[in-house]
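The structure appears right after this line, and notes come after that.
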Amino acid sequence: MGPVLAGVLQLLALTAALALAYKPLGTYMAKVYSSDKHLRVEKWIYKGIGADPDTEMRWPAYLRGVLAFSLVGVLFLYALQRLQGVLPGSLGFASIDPDQAFNTAVSFVTNTNWQSYYGEQAMGHVVQTAGLAVQNFVSAAVGIAVAVALVRGFARSRTGELGNFWADLVRGVVRILVPLAAVAAVVLVACGAIQNFSGIHEVGQFMGGTQQWNGGAVASQEAIKEIGTNGGGYFNANSSHPFENPTPFSNLFEIFLILLIPFSITRTFGLMVGSVKQGYAILAAMATIWLGFVGLMMWTEFSHHGPAFEMANGALEGKEVRFGVGASSIFAVSTTLTSTGAVDSFHSSFTGLGGGITMLGMMLGEIAPGGVGSGLYGMLIMAIIAVFIAGLMVGRTPEYLGKKIGSREIKLAACYILITPALVLVFTAFAMALPTPANSMTNSGAHGFSEILYAYTSGANNNGSAFAGLNADTQWFNTTIGLAMLLGRFLPMVFVLALAGSLAEQKPVPATAGTLRTDKPLYTGLLVGTIIIITGLTYFPALALGPLAEGLA
0 MGPVLAGVLQ LLALTAALAL AYKPLGTYMA KVYSSDKHLR VEKWIYKGIG ADPDTEMRWP
60 AYLRGVLAFS LVGVLFLYAL QRLQGVLPGS LGFASIDPDQ AFNTAVSFVT NTNWQSYYGE
120 QAMGHVVQTA GLAVQNFVSA AVGIAVAVAL VRGFARSRTG ELGNFWADLV RGVVRILVPL
180 AAVAAVVLVA CGAIQNFSGI HEVGQFMGGT QQWNGGAVAS QEAIKEIGTN GGGYFNANSS
240 HPFENPTPFS NLFEIFLILL IPFSITRTFG LMVGSVKQGY AILAAMATIW LGFVGLMMWT
300 EFSHHGPAFE MANGALEGKE VRFGVGASSI FAVSTTLTST GAVDSFHSSF TGLGGGITML
360 GMMLGEIAPG GVGSGLYGML IMAIIAVFIA GLMVGRTPEY LGKKIGSREI KLAACYILIT
420 PALVLVFTAF AMALPTPANS MTNSGAHGFS EILYAYTSGA NNNGSAFAGL NADTQWFNTT
480 IGLAMLLGRF LPMVFVLALA GSLAEQKPVP ATAGTLRTDK PLYTGLLVGT IIIITGLTYF
540 PALALGPLAE GLA
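Note that numbering that gives the first Met the number 0 has the sequence shown beginning at 0, numbered continuously upward.
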């Protein structure tokens, strides 16, 4: 079997698996967030944190809950890293430096999981399990909660109430993420991923010396890393490490986990707003972009010319021979079109255009299908923009799901769209203009610029993957990428929740003969075109200086 055919067959198998899981999981999540009953364990949690899960919140109160919970998470994780040297189970590792501890705390709380450290050489068992793994669960649940709040904004009328943040958070963890992660961890262990709390072992000779490996609760963290679109690996090699991703089957399974909730939540959206067809329209837009990017990535990585590429049947540099070019291309596209950031190959070694595709996937806003929760609310913001553009073309007040899109709504949507590009481009410009940050680049020219651009794109979009050629463990990058992650996560949430509150206060507008049907293929095409055009106009100059210049050279 040729490598191209193998890649296509894996893509077909993955698509079929996602299709089978779409309806049951999407329906189940809709029931979870629509239920008025609480499980016993949930009641214990509410009592422990002093929350009343039945109290409805308006958007400012919901936002305060998101920010307060996240702030506590940052402070706790920062303290845990700074105290690591005196904690049991630290494997002898020292406490983390202040700038790196800040960067890592912000990274995992914001669902970015950017790592400027070597996981197996820096973090002990306590920080990995009690700190990083816990944030993998709760940061993902926060994203889903914000998305559900926006969906309620469309579904409700004449009220500003969006539900209860604490109930949404706890249900997301207890009823969705924990059960899925438990099953996934068992599958990964069966595939060969390790799961233990062993210490550091010497494993034979390596280039005249001994090589050391430490164990850890890898399979359980790997499961939620992918399901929660987190991405932070136990080892520096991330999902290309055989302890995290042992076989071609586990590789395909991990891609499935990455895409599972982001695709399925579109059905949750359709059920909660009372129109499954609306969910299918959003799903179609996501799937069109994802499949298009996968096809484009495979083409760039398989068809690049040169003796080395032809002998290897593709651009195999930086890719695991266990997975090959096809599976690596699917993984790279899936991890950058979601907010995952896990890698089974090194994006810096992709062809110039291939590296550009990974960047463009993040620049779209990671909405195809995007991160858990964040992908859905990002796509719904784009849906509002598409409706607004359609209204301008026909001279009609835009409507979406029975709600008028007025000046307030479009201003909030515009702020959401502008904040992330502003962070990416401003920080990149400063890093390139100042003398010290450029010293961290492994390469010069267009590829070196791509390293910097990729880093801030990954941070501000809460992706977390790296171009693997940049030394980001400096005070400048730890601080500025940390700020990009922090602002890129929570400022958009402010606009999303404010928009949800505004929509929930409206009364529904009855559909007429002139209402744009947003559940038809025509609208889906308009939505995809809007996404591509907005991103292209925003980022094309920067892409032209980096991956496009390199790819066309």
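Glycine included, C-beta positions come from ideal geometry on N, C-alpha and C.
Whose C-beta lies closer than 7 Å to the C-beta of R155 among residues of the same chain, with five residues either side of it excluded?
A503
Please state whether the Cβ-Cβ distance between L336 and W289 is less than 7 Å.
Yes, the pair counts as a contact, with Cβ atoms nearer than the cut-off.
Endpoints, the alpha helix (DSSP H) within which R138 is located
Looking at the sequence itself, residue 138 is Ser, so the reference to Arg does not match. For S138, the enclosing alpha helix (DSSP H) stretches over residues V133 to A154.
Under 8 Å, with one C-beta from each stretch per pair, do the region 532-546 and the region 351-371 reach the 3-pair mark?
Short answer: they touch.
How far does the alpha helix (DSSP H) with M431 in it reach, from first residue to last?
S406 to A432
In terms of DSSP beta bridges, what is K403 paired with?
E398
If I follow the unbroken alpha helix (DSSP H) through M122, where does it start and stop?
Unbroken run through M122: none, as it is neither H nor E.
Following the continuous alpha helix (DSSP H) through Q194, name the residue where it begins and the one where it ends.
Where Q194 is concerned, there is no enclosing alpha helix (DSSP H), given that its DSSP letter is neither H nor E.
State yes or no: is the C-beta of E201 nearer than 6 Å to some heavy atom of the ligand SAM?
As for the ligand SAM, it is missing from this structure, which has no ligand bound.
Tell me whether the region 54-65 and the region 144-164 touch, counting them as touching only if at least three CB pairs, one residue from each stretch, are closer than 8 Å.
yes
Opening and closing residue of the alpha helix (DSSP H) in which S333 lies
G323 to L336
Endpoints, alpha helix (DSSP H) assigned at G355
G351 to M362
Does any residue of chain B have a CB that is nearer than 7 Å to the CB of A121?
Any reference to chain B falls outside this structure, which holds one protein chain only.
Run the CB neighbour count on T435, radius 10 Å, all protein chains shown included, and call it buried at 16 or more, exposed below.
exposed
If you check the beta carbons only, do P491 and Y538 fall under 7 Å apart?
no
Please list the segments of the beta strand (DSSP E) lying wholly inside the region 221-305, counting only runs of 3 or more residues, in order along the chain.
none
Near G550, which residues of its chain fall below 7 Å by C-beta distance, leaving aside the five closest residues on each side in sequence?
Excluding the 5 residues flanking it on each side, G550 has same chain C-beta neighbours closer than 7 Å at T350, G351, L352 and G355, in chain order.
Does the distance from the C-beta atom of T419 to that of N461 stay below 7 Å?
no
Answer with buried or exposed for E319, where buried requires no fewer than 16 other C-beta atoms within 10 angstroms of its C-beta.
buried
Looking at C-alpha atoms only, which residue of K276, F252 and F75 is the closest neighbour of A222?
F252
Check whether the Cβ atoms of I254 and F330 lie closer than 7 Å to each other.
yes
Going by CA-CA distance only, name the one from L179, V125, A499 and I44 that's closest to L400.
A499
With Y32 and R170 assumed to form a contact (beta carbons below 8 Å), what rounded beta-carbon distance in angstroms separates them?
7 Å
On a CA-only basis, which of I226, V3, T427 and H124 is nearest S333? Give me that one, please.
I226
Find out if the Cβ-Cβ distance for the pair G118, N235 is shorter than 7 Å.
yes
Assuming Q134 contacts G72 under a Cβ cut-off of 8 Å, what Cβ separation, rounded to an integer in Å, is found between them?
6 Å
Would you call E365 buried or exposed, if buried means 16 or more other Cβ atoms sit within 10 Å of its Cβ?
buried
Should the region 472-480 be regarded as contacting the region 110-117, the criterion being three or more beta carbon pairs within less than 8 Å?
Contact between the region 472-480 and the region 110-117 is present, because at least three Cβ pairs lie under 8 Å.
Run of the alpha helix (DSSP H) containing W113, from where it starts to where it stops
Taken as a continuous stretch (DSSP letters only), W113 belongs to no alpha helix (DSSP H), as it is neither H nor E.
Which of helix, strand or coil does DSSP assign to L161?
L161: coil per DSSP, three-state reduction.
Is it right to say D343 is buried, meaning 16 or more other beta carbons lie within 10 angstroms of its own, or is it exposed?
buried
Who are the near neighbours of L282 in its chain, counting only those whose CB is closer than 6 Å to its CB and skipping five residues on each side?
T265
Is E450 helix, strand or coil when you go by DSSP?
Here E450 carries a helix assignment [DSSP, helix/strand/coil].
Going by DSSP, what residues sit across from L469 in a beta bridge?
M440
Are the Cβ atoms of A483 and Y455 separated by less than 7 Å?
yes
Given a threshold of 16 other Cβ atoms within 10 Å of its Cβ, counted over all protein chains shown, does K224 qualify as buried or as exposed?
buried
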